[in-house]
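In terms of our numbering, the first sequence opens at residue 1476 and continues consecutively.
The structure appears right after this line, and notes come after that.
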Amino acid sequence: MKKKLPKLIIILGPTASGKTKLAVALARKFNGEIVSADSRQVYIGMDIGTGKDLKEYGKGEKRIPYHLIDIILPKTEFNVFKFKKKATVAINNITARGKTPLVVGGTGLYISALVDNYQLPLGKPDKKIRQKLKKMKIADKLEALKKLDMMTYEKIDKNNLRRIDRALEVCFNGQKFSSGSKKKPIYNTLQIGLKFPKNVMNKKIDKRVDDRLLEGMIGEIKKLHAQKISWRRMESFGLEYRFISRYLRGKYKNQEMINLLKTAIHQFAKRQMTWFKRDTKIHWIKNKSQAEKLIKKFLKK
RNA sequence: GGUCACGUAGCCAAGUGGUCCAAGGCGGCAGUUUGCAAAACUGUUAUUCGUGGGUUCGACUCCCACCGUGACCU
């Protein structure tokens, strides 16, 4: 006896592929609400640089409700764990209201956490442990990991300090990092992917950078900095914030910054595709009507 | 027209007679990915040093010619 799982539609794709526009149109058609799966759009005050496109959701009665956008202040840390928790709540509420949840975004890890129902190892980021890790040598870290969690030791990138540190953090907390797993899915998901040939993709990205610059992206970042967000923190909010903050500090000339930013986003889009490529369950579509057909069929089942 | 300098991968660039059958960086390509993920990390990318000749046991490295680029001079 298999219980019927709640249905979840996911719209994913690299940056600038038009996910929001498509998702809003689909939400209109299928009585849906949108849950953003984007690690940056959660932040209040970062609109242009994160591409929130809030106008796209419509106004008044026609407005499509969205979730996980503008939910925290820039000083607050966000991560997959929080995402999974909040997204699950949002999705369940939408379903309870008799509406269709549409998860939309380009943060592959977040989407996988939902689709594959990641069981994240316990042990949240711990200041004390991180202090301790800061003082340890890499060789000692690897030695410790070998003792505490052989499985992870064998698998882990030996040069990726960030990953090694997290794994050890979990281990020092008394759990094995390798205990994380994919549990049985809790949603019946339909994943729809948007993609374009690379040269087309890159042109879209370039255009979007130019548009955002005209929309006042630099001003947005100046304003954030005026609100006491350090340059260091600013760099962590994504490519636009990183390159523009460096430009504002005189590290790059204007055109140089624009070129570097565009290239960095091209590379990012490629990384996104590398992530998505692994999931063979994604239906890659060419246009809206293909998406509509897939959803119609999916919702009927 | 003359003088000088330079010409190493898609780009930048080290190397000035023998572990150079050519360092490094960027870009490209491929990939990893379970509490920072627009992050962090990995692999890969020149049978060859502008072209042709010469010197030498041996040349990217020295000599000559040619082509190209730049600067200066007339």
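Cβ coordinates follow ideal geometry from the N, Cα and C atoms, glycine included.
This structure is a prediction, so every number in the text was calculated from the model and none was measured.
For the beta strand (DSSP E) holding residue i, just list the boundary residues, first then last.
i	result
Gly1649	Where Gly1649 is concerned, there is no enclosing beta strand (DSSP E), given that its DSSP letter is neither H nor E.
Asn1663	1663–1669
Leu1577	1575–1580
Lys1482	1482–1487
Lys1583	Per the sequence shown, the amino acid found at residue 1583 is Gly instead of Lys. Unbroken run through Gly1583 is the alpha helix (DSSP H), 1583–1590; no beta strand (DSSP E).
Glu1710	No beta strand (DSSP E) holds Glu1710; the alpha helix (DSSP H) holding it covers 1706–1710.
Glu1508	1507–1511
Ile1760	1758–1760
Just curious, the alpha helix (DSSP H) that residue i is in, first and last residue?
i	result
Thr1738	1729–1752
Asn1567	1555–1571
Val1684	1673–1690
Val1499	1494–1504
Ser1764	1763–1775
Arg1538	Taken as a continuous stretch (DSSP letters only), Arg1538 belongs to no alpha helix (DSSP H), as it is neither H nor E.
Ile1523	No alpha helix (DSSP H) holds Ile1523; DSSP gives it neither H nor E.
Ala1614	1613–1623
Leu1548	Segment: none, Leu1548 is in no alpha helix (DSSP H) and carries neither H nor E.
Just to confirm my understanding: we take residue i, look at its own chain, exclude 5 residues before and 5 after, and list those with CB closer than 7 Å. What are they?
i	result
Lys1658	Asn1592, Gln1594
Ser1654	Pro1596
Leu1643	Leu1608, Lys1616, Ala1619, Leu1620
Trp1759	Gly1668, Lys1670
Lys1561	Leu1543
If we ignore side chains and look at the alpha-carbon of each, how far apart do residue i and residue j end up?
i	j	result
Arg1605	Asp1640	8 Å
Asp1522	Met1611	39 Å
Ala1739	Lys1479	43 Å
Glu1695	Arg1721	14 Å
Lys1772	Lys1679	31 Å
Leu1774	Lys1482	8 Å
Asp1601	Gln1650	14 Å
Ser1764	Ile1770	10 Å
Leu1529	Ile1519	12 Å
Ala1502	Glu1508	6 Å
Arg1724	Met1625	45 Å
Lys1504	Pro1540	14 Å
Lys1599	Glu1690	38 Å
Leu1636	Ile1613	8 Å
Leu1665	Ser1587	13 Å
Lys1559	Asp1685	33 Å
Thr1551	Ser1711	12 Å
Lys1537	Ile1733	36 Å
Ile1661	Leu1589	8 Å
Ala1571	Lys1557	21 Å
Hey, would you say residue i sits closer than 8 Å to residue j, going by beta carbons?
i	j	result
Gly1524	Gly1713	yes
Phe1751	Leu1487	yes
Leu1699	Met1692	no
Val1564	Tyr1585	no
Val1499	Tyr1532	yes
Ser1777	Phe1671	Absent from the structure is residue 1777, since the part of the chain shown begins at 1476 and ends at 1776.
Thr1583	Gln1702	Note on residue identity: the sequence assigns Gly, not Thr, to residue 1583. Going by C-beta atoms, Gly1583 is not nearer than 8 Å to Gln1702.
Pro1549	Ile1704	yes
Ser1511	Ile1544	yes
Ile1566	Val1517	no
Among residues of its own chain, excluding the 5 on either side of residue i, which ones have a beta-carbon nearer than 6 Å to its beta-carbon?
i	result
Arg1687	Ile1523
Tyr1628	Leu1620, Lys1621
Ser1514	Thr1582
Excluding five sequence neighbours on each side, which residues of the same chain lie with their C-beta closer than 8 Å to the C-beta of residue i?
i	result
Lys1494	Ile1486, Leu1487, Gly1488, Val1579, Gly1580, Gly1581, Leu1669
Lys1574	Asn1506, Gly1507, Glu1508
Ile1757	Leu1487, Gln1666, Ile1667, Gly1668, Phe1751
Lys1496	Asp1528, Glu1531
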